[in-house]
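Below: one structure, written as C-alpha cells.
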Amino acid sequence: TDDADYLFVMMGSFATKAREAVDRLREEGWAVGLVRPRLLRPLPAAHLQLLLANRKGVAVIDQNISMGMGGVLHSELASVLYGRNDAPPVLASFIGGLGGRDISTEEFFEMAEMVRQAADTGVTPPPRLLYTKTELREVRKLQVIAQVERQQLGETDD
725 TDDADYLFVM MGSFATKARE AVDRLREEGW AVGLVRPRLL RPLPAAHLQL
775 LLANRKGVAV IDQNISMGMG GVLHSELASV LYGRNDAPPV LASFIGGLGG
825 RDISTEEFFE MAEMVRQAAD TGVTPPPRLL YTKTELREVR KLQVIAQVER
875 QQLGETDD
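In C-alpha cells form, the structure reads like this:
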C-alpha cells in the first residue's frame, strides 16, 4: 500500500475479494493498494488521513447507501479529507454487495480504471451502484413499470 498511487478503501468481508483483485492488478503493473478500516465509529481519522495522503485516486466501496451521498464510509472519508492539501484529488464512491450480491474481480478492475480516468481528467464520477447488465435491465424495467403506475394514479403530468 505504501507505493500505491491508487487505493481501494472498504470494510467487511468483501475486502478479501479486493485483496485478490489488488494482487492481480499489481501483476498487470498497476500501483494499487487496499486500506481496510476495522472501525467506522470512532473513525481512525488521523490514521486514514496519513494512509490516503498524496494518492492520485481512491475508490471507496460501501455495502450500504446514505441517500444522496453515496455510501457511509465514503461520506466519512470525504469529511475527514475536506480542505487538506494532501487529500487525493479523486475520492470515488462505489456501492456494491447489496442484497447478498457478489463483487467480482472484473468490477474491481473497472473501478480502478474509472478512478485512474478520473485522476487523469480531474472529474470525479458520481456515486455508482455496482450491478451486472442483466440487473441493470431489470432495474430499468422496474423504473418503466413504476412510471406507468404513477401516470395511472395521476401522480405525474407526463
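Counting from 725, one number per residue, gives the positions in the sequence shown under my numbering. Cβ coordinates follow ideal geometry from the N, Cα and C atoms, glycine included. Quick caveat, the model's predicted, so the values are computed rather than measured.
With a cut-off of 8 Å, do at least 3 Cβ pairs link the segment 817 to 836 to the segment 787 to 798? yes
Reference residue 797; option with closest CA among 815, 836, 807, 781: Taking the first residue of the sequence shown as position 1, residue 797 is located at position 73. Checking every option, the nearest Cα to that of residue 797 belongs to 815.
What residues are listed by DSSP as bridge partners for residue 757? By one-based count along the sequence shown, residue 757 stands at place 33. DSSP, once it has assigned bridges, lists 731 as partnering residue 757.
For chain D, check one thing: does any of its Cβ atoms lie closer than 9 Å to the Cβ of residue 839? Looking for chain D here will not work: only one protein chain is present.
Could you give the distance in angstroms between the alpha-carbon of residue 782 and the alpha-carbon of residue 857? Taking the first residue of the sequence shown as 1, we reach residue 782 at position 58. Taking the first residue of the sequence shown as 1, we reach residue 857 at position 133. So the alpha carbons of these two residues sit roughly 25 Å apart.
Just grab the DSSP bridge partners of residue 786 for me. Along the sequence shown, one-based indexing puts residue 786 at 62. BP columns for residue 786 point to 819.
Under the rule that 16 or more other beta-carbon atoms within 10 Å means buried, what is residue 779, buried or exposed? Looking up residue 779 in the sequence shown gives position 55. Buried, by the Cβ-count rule.
What residue from 732, 726, 729, 736 has the CA that sits closest to residue 824's CA? For the purposes of this step, residue 824 is identified with residue 100 of the sequence shown, where counting begins at 1. Nearest of 732, 726, 729, 736 to residue 824, Cα basis: 736.
Hey, out of 852, 759, 765, 739, whose CA is closest to residue 725's CA? Counted from its first residue, the sequence shown places residue 725 at position 1. Out of 852, 759, 765, 739, 759 has the C-alpha closest to the C-alpha of residue 725.
In whole angstroms, what is the alpha-carbon distance linking residue 734 and residue 761? Numbered from 1 along the sequence shown, position 10 holds the residue referred to as residue 734. Numbered from 1 along the sequence shown, position 37 holds the residue referred to as residue 761. The alpha-carbon atoms of residue 734 and residue 761 are separated by roughly 7 Å.
Beta-carbon proximity check, residue 732 vs residue 757, cutoff 9 Å: Locating residue 732 in the sequence shown gives position 8, where the first residue counts as 1. Locating residue 757 in the sequence shown gives position 33, where the first residue counts as 1. Going by C-beta atoms, residue 732 is nearer than 9 Å to residue 757.
Classify residue 746 as buried or exposed, calling it buried when 16 or more other Cβ atoms lie within 10 Å of its own Cβ. Here residue 746 refers to the residue found at position 22 when the sequence shown is read from its first residue. The residue in question, residue 746, is buried, as its Cβ has 16 or more Cβ neighbours within 10 Å.
Since residue 853 sits in a beta bridge, which residues does DSSP pair it with? For the purposes of this step, residue 853 is taken as residue 129 along the sequence shown, with counting starting at 1. Its beta-bridge partners are 819.
Bridge partners of residue 781, per DSSP? The sequence position of residue 781 within the sequence shown is 57, counting from 1. Paired residues: 730.
Report all residues from its chain with a CB closer than 7 Å to the CB of residue 838; omit the five preceding and five following residues, and keep chain order. What you label residue 838 is simply residue 114 of the sequence shown in a count that begins at 1. Excluding residues within five positions, the ones whose Cβ falls inside 7 Å are 816, 849.
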